[in-house]
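Let me begin by presenting the structure, written as structure tokens, before commenting on it.
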Amino acid sequence: MVEKRLIEAVREGLREELAADPDVFLIGQDIGINGGVFRVTEGLLEEFGPRRVIDSPLAESGMVGVAIGAAMNGLRPVVEIQFADFIFPAFNQLVSEAARMYYRTNGEFAVPLVIRAPYGGGVRGGLYHSQSVEAYFAHVPGLKVVVPSSPHDAKGLLKAAIRDDNPVLFFEHKLAYNTVRGEVPDGDYTVPIGEAVVRREGRQLSLISYGLSVHHCLEAAETLAAEGIDCEVVDLRTVSPLDTVTLLESVKKTGRACIVHEDNLTGGVGAEVAAIIAKDAFEYLDAPVQRVAAPDVPSFPYSPTLEDALLPGPSDIIRVARELAAY
Amino acid sequence: MPANDGSDRLHESGLDGEDAQRVYRYMLLARAISEKSWLLTRQGRVLFTMPCDGQEAADVASAYALDADNDFIVPYARSLGAMLVKGMTTQEVMLNMFGKAADPNSGGRQMPMHWGHKRLGIISMGSSVGTTIPRASGVALASKLRGQNAVTMVYFGEGSASEGDFHEGLAFAGVHRLPVVFFCNNNGWATSVPIGLQSAEPQISKRAQGYGFPGVTIDGLDPLTVYQAVKTAVDRARSGDGPTLVEATTIRMMPHSSSDDHLRYRTQEELDAERQLDPLPRFRDLLISTGLLNEESDQTLRDSVDQEVEAAIGYADAAAPPDPATARDRVYAP
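Structure follows, in structure tokens:
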């Protein structure tokens, strides 16, 4: 196995699925000749041609609407929304159409569709290039929402998403593209959607997270271990549908839980996980369930001093973990 | 010489006599279903309907220009006539009206007149209008990429043409010269809002120029005109020359839906005057003038249509409702 960057793993997943299945095609802004603004799709236009890699007009709703129609006529579109922040014009297409097509047609029409979008802050992208949008979509029955943390999972989950017969939102942390490296198997493999994984075993506290924040949890767990606080790190990988079995097993073992995400606090994935723990692991808890998340501010502001004041990171996790351990 | 005039017009349209008789029967059937459905809502036997009275010529004759076996329709709520031409049976329509388990459109999950039928190539619609327009471009894109020799026709009202998705769907189809026909039923009313409050330019077809393909405005009350214009657009799409925007000016003889009272925004005089333009008697007169129909055969046709509708109502009313135990099923495809 070769160590690769997360961006390379995503590209490899796309390339292999394009090569394996003639029904797969890509559509998005700047993904063709420009290779995507993050270069995720670099080289794919040259390799697969303009019928398989389509530079879309600047119109997110139309792009997703076109993809839904193509999916209903036998293709498997993979849409790139340039930044997750720009997904909202397509919200109606995703929620009112893609998400409920299978339900409203009583199982006649499926929509095998993947929406890829870079999310997250820490790149000085300001209010419109930094958001986490997974909670909006995790609320919607009929959608699946995937947020990989490692190159291995990014490739395997992306392949699973492309082969899934449901609409899947696939969020890639833009800061992770080139900073997160890991071993990626050559050739074909998938990582099943809806399965969490324990990244680090521990006995005293469950840190439950997804995406780039998993790495913040692992970093915090190292520091905390030196203090004698033994943390388990659960990587949800899929935020809808949630793997309640894995997260509940962990909390039942440790008796303490802290959910960590970069999305802002209120109504986030952490709230749902906390409610599940409160209902199904209540008698195992030794401390209140805590959340580490961005504060309820519209998005991360541009100036580094302002953004750094809001970005949740390892030090926030460490502070809350100490409180929980001492409870 | 009205007789010769009618024959000439028929000949010019490209429809033969048998086609014209079929179109007329579909128009009668759509009207009968629409009227009966309205009565059923008044009786409380059906909970909702969206009448298509006045749009039968536009819906039936446009769909008649498609290859029913291979082409796709992306409908809207007043596409009843087109659904019948595409192959939906009166029984299936009534199962939809009654929200029964065997309704092929949605198994009772959607409101009546919300169409979708995979086997017939009818792409499902919801209630959020305009979303269908880029969807039609996507269906057509897939046809092009997969080498299907299929044309997609999407129906919508002039109100939907105000949605951003109208612009985005047409722009995409223009760029990729997709085999799609955009069929706008312009009846002048988006529920209670008149065209003058939708757009300072009342002619929707002019917008096609902005997307780089032809747009035509036609008399949507005359099935021969509609067929001829749509056939031209369908042939153009099938031969790879790209989309056309066809705007059919029609009338809305009934309220927007069974939940609407159009006298809140229209006068009885205006409605009475509009009723004079009803496409059905006009086409009947033309057929009589050509000898394809007479008073007797017209009555026989109407009786057979009424019997068909009554039988379908009886069947659908007696059919099983959806099992409440299935209400949570099929949220996700396996």
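Chains A and B, in that order, are what the protein sequence lines are. Under this note's numbering, think of the first position of the first sequence as 4, with each following residue one higher. Under this note's numbering, think of the first position of the second sequence as 3, with each following residue one higher. From the three backbone atoms N, C-alpha and C, an ideal C-beta is built for every residue, glycine too. Nothing here was measured: the structure is a model prediction, and the numbers come from that model.
To the nearest angstrom, how far is it from the Cα of residue i to the Cα of residue j?
{"i": "residue 329 of chain A", "j": "residue 242 of chain A", "result": "29 Å"}
{"i": "residue 21 of chain B", "j": "residue 145 of chain B", "result": "28 Å"}
{"i": "residue 182 of chain A", "j": "residue 106 of chain B", "result": "51 Å"}
{"i": "residue 75 of chain B", "j": "residue 217 of chain A", "result": "47 Å"}
{"i": "residue 97 of chain A", "j": "residue 226 of chain B", "result": "39 Å"}
{"i": "residue 318 of chain B", "j": "residue 36 of chain B", "result": "15 Å"}
{"i": "residue 60 of chain B", "j": "residue 224 of chain B", "result": "7 Å"}
{"i": "residue 310 of chain A", "j": "residue 147 of chain A", "result": "30 Å"}
{"i": "residue 51 of chain A", "j": "residue 178 of chain B", "result": "17 Å"}
{"i": "residue 154 of chain B", "j": "residue 211 of chain B", "result": "20 Å"}
{"i": "residue 239 of chain B", "j": "residue 181 of chain B", "result": "4 Å"}
{"i": "residue 85 of chain B", "j": "residue 311 of chain B", "result": "15 Å"}
{"i": "residue 112 of chain A", "j": "residue 133 of chain B", "result": "16 Å"}
{"i": "residue 45 of chain A", "j": "residue 6 of chain A", "result": "19 Å"}
{"i": "residue 85 of chain A", "j": "residue 63 of chain A", "result": "9 Å"}
{"i": "residue 299 of chain B", "j": "residue 129 of chain B", "result": "39 Å"}
{"i": "residue 160 of chain B", "j": "residue 252 of chain B", "result": "11 Å"}
{"i": "residue 291 of chain A", "j": "residue 28 of chain A", "result": "47 Å"}
{"i": "residue 238 of chain A", "j": "residue 220 of chain A", "result": "10 Å"}
{"i": "residue 3 of chain B", "j": "residue 291 of chain B", "result": "Its pLDDT being 42, under 50, residue 3 of chain B is placed unreliably in this model, and the coordinates cannot settle the point."}
{"i": "residue 256 of chain B", "j": "residue 159 of chain A", "result": "55 Å"}
{"i": "residue 339 of chain A", "j": "residue 36 of chain A", "result": "One cannot answer for residue 339 of chain A here, as it falls past the ends of chain A, which runs 4 to 330."}
{"i": "residue 70 of chain B", "j": "residue 123 of chain B", "result": "8 Å"}
{"i": "residue 93 of chain B", "j": "residue 316 of chain B", "result": "9 Å"}
{"i": "residue 278 of chain B", "j": "residue 192 of chain B", "result": "21 Å"}
{"i": "residue 172 of chain B", "j": "residue 41 of chain B", "result": "38 Å"}
{"i": "residue 5 of chain B", "j": "residue 87 of chain B", "result": "Caution is warranted here: a pLDDT of 47 is assigned to residue 5 of chain B, below 50, making its placement in the model unreliable, and the coordinate value is therefore given only provisionally. Straight-line Cα distance between these residues: approximately 27 Å."}
{"i": "residue 318 of chain A", "j": "residue 194 of chain B", "result": "58 Å"}
{"i": "residue 258 of chain B", "j": "residue 34 of chain B", "result": "17 Å"}
Under DSSP, the beta strand (DSSP E) around residue i begins and ends at which residues?
{"i": "residue 169 of chain A", "result": "Careful: residue 169 of chain A lies outside any beta strand (DSSP E) and carries neither H nor E."}
{"i": "residue 264 of chain A", "result": "260 to 267"}
{"i": "residue 188 of chain B", "result": "182 to 188"}
{"i": "residue 75 of chain B", "result": "74 to 76"}
{"i": "residue 197 of chain B", "result": "It is not in any beta strand (DSSP E) - residue 197 of chain B instead sits in the alpha helix (DSSP H) that spans 197 to 200."}
Just confirm the distance between the C-beta atoms of residue i and residue j, as a whole number of angstroms; I'd bet it's less than 8 Å.
{"i": "residue 320 of chain A", "j": "residue 262 of chain A", "result": "With a Cβ gap of about 10 Å, residue 320 of chain A and residue 262 of chain A do not count as contacting."}
{"i": "residue 123 of chain A", "j": "residue 135 of chain A", "result": "6 Å"}
{"i": "residue 115 of chain B", "j": "residue 51 of chain B", "result": "6 Å"}
{"i": "residue 109 of chain A", "j": "residue 111 of chain B", "result": "6 Å"}
{"i": "residue 141 of chain B", "j": "residue 183 of chain B", "result": "That pair is no contact at about 12 Å."}
{"i": "residue 114 of chain A", "j": "residue 74 of chain A", "result": "5 Å"}
{"i": "residue 314 of chain B", "j": "residue 96 of chain B", "result": "4 Å"}
At 8 Å on the CB atoms, spell out the chain B contacts of residue i, in chain order.
{"i": "residue 195 of chain A", "result": "Those do not exist, as residue 195 of chain A stays about 14 Å from chain B at its closest Cβ, beyond 8 Å."}
{"i": "residue 73 of chain A", "result": "140, 141, 143, 144 and 147"}
{"i": "residue 28 of chain A", "result": "147"}
Determine the closest residue to residue i out of the options, with distance taken between C-alpha atoms.
{"i": "residue 93 of chain A", "options": "A:107, A:79, A:69 and A:293", "result": "A:69"}
{"i": "residue 57 of chain B", "options": "B:154, B:189 and B:70", "result": "B:189"}
{"i": "residue 138 of chain A", "options": "A:271, A:87, A:42 and A:121", "result": "A:271"}
{"i": "residue 119 of chain A", "options": "A:106, A:131, A:112 and A:90", "result": "A:90"}
{"i": "residue 117 of chain A", "options": "A:48, A:283, A:31 and A:132", "result": "A:31"}
{"i": "residue 284 of chain B", "options": "B:273, B:167 and B:222", "result": "B:222"}
{"i": "residue 326 of chain B", "options": "B:165, B:236 and B:103", "result": "B:103"}
{"i": "residue 130 of chain A", "options": "A:317, A:95, A:306 and A:175", "result": "A:306"}
{"i": "residue 179 of chain A", "options": "A:168, A:155 and A:194", "result": "A:155"}
{"i": "residue 89 of chain B", "options": "B:293, B:31, B:137 and B:131", "result": "B:31"}
Cβ closer than 9 Å: which chain A residues qualify as neighbours of residue i?
{"i": "residue 174 of chain B", "result": "59, 60, 62, 65, 66, 68 and 69"}
{"i": "residue 133 of chain B", "result": "64, 68, 71, 95, 96, 99 and 100"}
{"i": "residue 125 of chain B", "result": "72, 75, 76 and 112"}
What do you reckon, is the C-beta of residue i under 6 Å from a heavy atom of the ligand SAM?
{"i": "residue 10 of chain A", "result": "The ligand content of the structure shown is nil, which means the ligand SAM is not present either."}
For a contact meaning CB atoms closer than 9 Å, what does residue i contact in chain B?
{"i": "residue 78 of chain A", "result": "140, 143, 144, 147 and 148"}
Taking the alpha helix (DSSP H) that residue i belongs to, which residues open and close that run?
{"i": "residue 182 of chain A", "result": "179 to 182"}
{"i": "residue 217 of chain B", "result": "Unbroken run through residue 217 of chain B is the beta strand (DSSP E), 217 to 221; no alpha helix (DSSP H)."}
{"i": "residue 305 of chain B", "result": "297 to 320"}
{"i": "residue 285 of chain B", "result": "281 to 292"}
{"i": "residue 317 of chain A", "result": "317 to 329"}
{"i": "residue 296 of chain A", "result": "Counting along the chain, residue 296 of chain A falls outside any alpha helix (DSSP H), though it belongs to the beta strand (DSSP E) covering 293 to 297."}
{"i": "residue 66 of chain B", "result": "58 to 66"}
For residue i, would you say it is in contact with chain D, using Cβ-to-Cβ distances shorter than 7 Å as the test?
{"i": "residue 335 of chain B", "result": "In the structure shown, chain D does not exist; the protein chains are A and B."}
Please list, in chain order, the chain A residues whose beta carbon lies closer than 7 Å to that of residue i.
{"i": "residue 75 of chain B", "result": "Here the premise fails: no neighbours, minimum Cβ distance about 12 Å."}
{"i": "residue 167 of chain B", "result": "64, 65 and 68"}
{"i": "residue 181 of chain B", "result": "Chain A residues near residue 181 of chain B: none, gap ~12 Å exceeds 7 Å."}
Can you list the residues of chain B that residue i reaches, using a CB-CB cut of under 7 Å?
{"i": "residue 109 of chain A", "result": "108, 109, 111 and 332"}
{"i": "residue 106 of chain A", "result": "111, 332 and 333"}
Could you list which residues in chain A have their beta carbon closer than 8 Å to that of residue i, in chain order?
{"i": "residue 130 of chain B", "result": "95, 99 and 100"}
{"i": "residue 120 of chain B", "result": "108, 111 and 112"}
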